[in-house]
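Working notes, structure below.
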Ligand code: KG4
Ligand code: ZN
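Residue numbers (our numbering): 467 to 820.
The following block contains the structure:
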């Protein structure tokens, strides 16, 4: 069983082939960073047009390089939301066209579910598990109970963690893409203790009950620091490195603290389950955050599984795998399925499939 996956929900045009033995046969990702860099963020119309320009040739490249014919495929999976509407339409139309022409099942994949299921591809883990989903638009703690069945424990009340990284980077003049470049800036920090005392930042939601997050206050505090820096000295490299370090540390510790709380809830709700914390999404590529989650898990007696960094950010391997998991359960989608720019993970369980 081989599934072709298509990802076009944001600024990566990606195509992959994955089989039921959990082998990644092809993994092509065309980043549009250069197209958006001048604007300091993703421009939806530019993204959609770039997907349109490159998707067909990526699909052909994927099949050519692996020597796999359309005839060998068992299904076509395309991200159908949440995401930017133009890109979703491009990816879904390509996927549906192949499915219709080749008489193959089409699977409309929820991008968040694709992130959520990636650790089952890389680590073969069983349900249920506790999941921290941290991406550009989402920060959520979820109990993954089965394919299409997710219980939301908490989510951000304002900005997502990735959004906080991106906005902070912009404030500090760190070039797009903000998150990965801010991590690089933080690695230049020479005196961590001094950086933390020079730039005190609030710990959002620390000690509060529940599993919600809030990152907008952090961004406001950061803005105050950058403004005072500008008045003082203009932003110098050391200040950027130190402030990046302070921000990254605060976000990592906040995520670790909220996860510790969620681990206790998970254990109460699922005493029968293996104590397992899983993280997914672009922000989970951050080394400091991975270390903070590992530490929090250790303290709670949980093991932690995070996909390799290349599979944390957007890719089509996760879409092909989610498609394959759904196909095995006969959860296929009709060809008149519409894209859903907003499509919360926890609503999947109430959806009717064909
Ligand atoms: O999952 P993803 O690739 O796309 C969405 O579904 O949103 O996540 C993108 C987010 C962006 O906010 C990006 O800045 C952030 O993940 N990100 C990082 C790192 N790599 C990506 N944030 C911090 N450190 C990183 N190394
Ligand atoms: Zn994503």
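From the three backbone atoms N, C-alpha and C, an ideal C-beta is built for every residue, glycine too.
The ligand ZN heavy atom lying under 7 Å from the CB of residue i
{"i": "residue 780", "result": "yes"}
{"i": "residue 747", "result": "yes"}
{"i": "residue 577", "result": "yes"}
{"i": "residue 502", "result": "no"}
{"i": "residue 581", "result": "yes"}
DSSP three-state assignment for residue i, whether helix, strand or coil
{"i": "residue 541", "result": "strand"}
{"i": "residue 738", "result": "coil"}
{"i": "residue 622", "result": "strand"}
{"i": "residue 679", "result": "strand"}
{"i": "residue 610", "result": "strand"}
{"i": "residue 615", "result": "strand"}
{"i": "residue 802", "result": "coil"}
{"i": "residue 649", "result": "helix"}
{"i": "residue 768", "result": "coil"}
{"i": "residue 483", "result": "strand"}
{"i": "residue 495", "result": "strand"}
{"i": "residue 665", "result": "coil"}
{"i": "residue 779", "result": "coil"}
{"i": "residue 593", "result": "coil"}
{"i": "residue 600", "result": "strand"}
{"i": "residue 713", "result": "helix"}
{"i": "residue 551", "result": "helix"}
{"i": "residue 475", "result": "coil"}
{"i": "residue 468", "result": "strand"}
Distance, residue j Cα to residue i Cα
{"i": "residue 496", "j": "residue 557", "result": "14 Å"}
{"i": "residue 600", "j": "residue 550", "result": "18 Å"}
{"i": "residue 777", "j": "residue 609", "result": "20 Å"}
{"i": "residue 805", "j": "residue 481", "result": "18 Å"}
{"i": "residue 519", "j": "residue 553", "result": "11 Å"}
{"i": "residue 803", "j": "residue 773", "result": "30 Å"}
{"i": "residue 783", "j": "residue 641", "result": "27 Å"}
{"i": "residue 576", "j": "residue 651", "result": "33 Å"}
{"i": "residue 809", "j": "residue 817", "result": "11 Å"}
{"i": "residue 521", "j": "residue 780", "result": "15 Å"}
{"i": "residue 820", "j": "residue 795", "result": "Low confidence applies to residue 820: its pLDDT is 49, below 50, so where it sits in the model is not reliable, and the reading given next is rough at best. Near 11 Å, if we compare the C-alpha coordinates of residue 795 and residue 820."}
{"i": "residue 758", "j": "residue 603", "result": "21 Å"}
{"i": "residue 755", "j": "residue 705", "result": "21 Å"}
{"i": "residue 710", "j": "residue 637", "result": "11 Å"}
{"i": "residue 631", "j": "residue 625", "result": "10 Å"}
{"i": "residue 514", "j": "residue 807", "result": "13 Å"}
{"i": "residue 718", "j": "residue 618", "result": "21 Å"}
{"i": "residue 761", "j": "residue 664", "result": "25 Å"}
{"i": "residue 735", "j": "residue 729", "result": "10 Å"}
{"i": "residue 498", "j": "residue 621", "result": "28 Å"}
{"i": "residue 605", "j": "residue 678", "result": "9 Å"}
{"i": "residue 793", "j": "residue 570", "result": "11 Å"}
{"i": "residue 489", "j": "residue 589", "result": "12 Å"}
{"i": "residue 775", "j": "residue 612", "result": "24 Å"}
{"i": "residue 545", "j": "residue 660", "result": "44 Å"}
{"i": "residue 648", "j": "residue 707", "result": "8 Å"}
{"i": "residue 614", "j": "residue 790", "result": "13 Å"}
{"i": "residue 505", "j": "residue 512", "result": "11 Å"}
{"i": "residue 695", "j": "residue 654", "result": "18 Å"}
{"i": "residue 703", "j": "residue 749", "result": "23 Å"}
{"i": "residue 524", "j": "residue 593", "result": "33 Å"}
Which listed residue (the options) has its alpha carbon closest to that of residue i
{"i": "residue 516", "options": "501, 506, 507 and 525", "result": "501"}
{"i": "residue 725", "options": "768, 781 and 791", "result": "768"}
{"i": "residue 786", "options": "532, 779, 492 and 476", "result": "492"}
{"i": "residue 547", "options": "574, 536 and 523", "result": "574"}
{"i": "residue 644", "options": "628, 656 and 745", "result": "628"}
{"i": "residue 691", "options": "590, 680, 533 and 713", "result": "713"}
{"i": "residue 669", "options": "796, 504 and 687", "result": "687"}
{"i": "residue 507", "options": "477, 662, 487 and 488", "result": "477"}
{"i": "residue 568", "options": "719, 731, 536 and 623", "result": "536"}
{"i": "residue 752", "options": "570, 615 and 721", "result": "721"}
{"i": "residue 716", "options": "666, 703 and 592", "result": "666"}
{"i": "residue 607", "options": "747, 543 and 797", "result": "747"}
{"i": "residue 595", "options": "581, 743 and 800", "result": "743"}
{"i": "residue 560", "options": "471, 646 and 483", "result": "471"}
Check: residue i C-beta below 7 Å from any heavy atom of the ligand KG4
{"i": "residue 739", "result": "no"}
{"i": "residue 601", "result": "yes"}
{"i": "residue 631", "result": "yes"}
{"i": "residue 752", "result": "yes"}
{"i": "residue 644", "result": "yes"}
{"i": "residue 465", "result": "The chain is shown only over 467 to 820; residue 465 falls outside these bounds and no answer can be derived."}
{"i": "residue 628", "result": "yes"}
{"i": "residue 672", "result": "no"}
{"i": "residue 476", "result": "yes"}
{"i": "residue 649", "result": "yes"}
Any C-beta of chain C under 8 Å from that of residue i
{"i": "residue 791", "result": "Structure shown: chain C not included; a single protein chain is present."}
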